[in-house]
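Enquirer:
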Amino acid sequence: WVMAANVETITVTAAGRGSVHNTLDGTNADAITIAVATGQQVLATLINRSAGDITFRLDGTTAVAGADGTYILPAGKDYPFIVRGTTVVSIIAGSALAYSLQAAPATDG
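If you read the sequence shown in this note's numbering, its first letter stands for residue 2, the second for the next number, and so on.
(1) Report the rounded CA-to-CA distance for Leu98 versus Pro75, giving the unit in angstroms.
(2) Find the nearest neighbour of Ile73 within the set Val37, Thr87, Val43 and Ile48, judged by alpha-carbon distance.
(3) Assess, as a yes-or-no matter, whether the region 87-101 is touched by the region 9-24 under the definition of 3 or more beta carbon pairs within less than 8 Å.
(4) What are the partner residues of Val84, as DSSP defines its beta bridges?
(5) Ala104 and Arg50 look like a contact to me (Cβ under 8 Å); what is the Cβ gap, rounded to whole Å?
Below, the structure is given as structure tokens:
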């Protein structure tokens with residue numbers, strides 16, 4: 002049995018929220034697309050729920066640990082960012098580490 006990378010979409014409407022909660026497979030990068038309606042902005046937060054570092058990108062390029070253009074998110078930390086339109090988040094780690102990605106309208110009370 003081979004675990005594959007997660008490929009998912011979060012679609013956030015004006016009144017909605019979305020989230021994914023996954024464990025990386027240790028080899029392949031996950032790709033999470035956050036889709037936002039035109040004219041809307043969403044506050045998204047990537048949460049590292051594990052005991053090791055994860056590597057990510059926000060530009061649609063597949064994350065590769067140690068490569069230019071990637072960011073490191075230390076264990077137990079989170080990274081908030083604003084999404085307008087569509088953003089593809091790529092996440093990878095060298096072992097099976099857990100993360101969450103949550104999104105909600107930035108104007109949500």
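In this text, a Cβ means the ideal position worked out from N, Cα and C, and glycines have one as well. All of these numbers come straight from a predicted model, not from anything done at the bench.
Expert: Checking against the coordinates, here is how it stands:
(1) 11 Å
(2) Ile48
(3) yes
(4) Val43
(5) Contact flag wrong, Cβ pair sits at about 16 Å.
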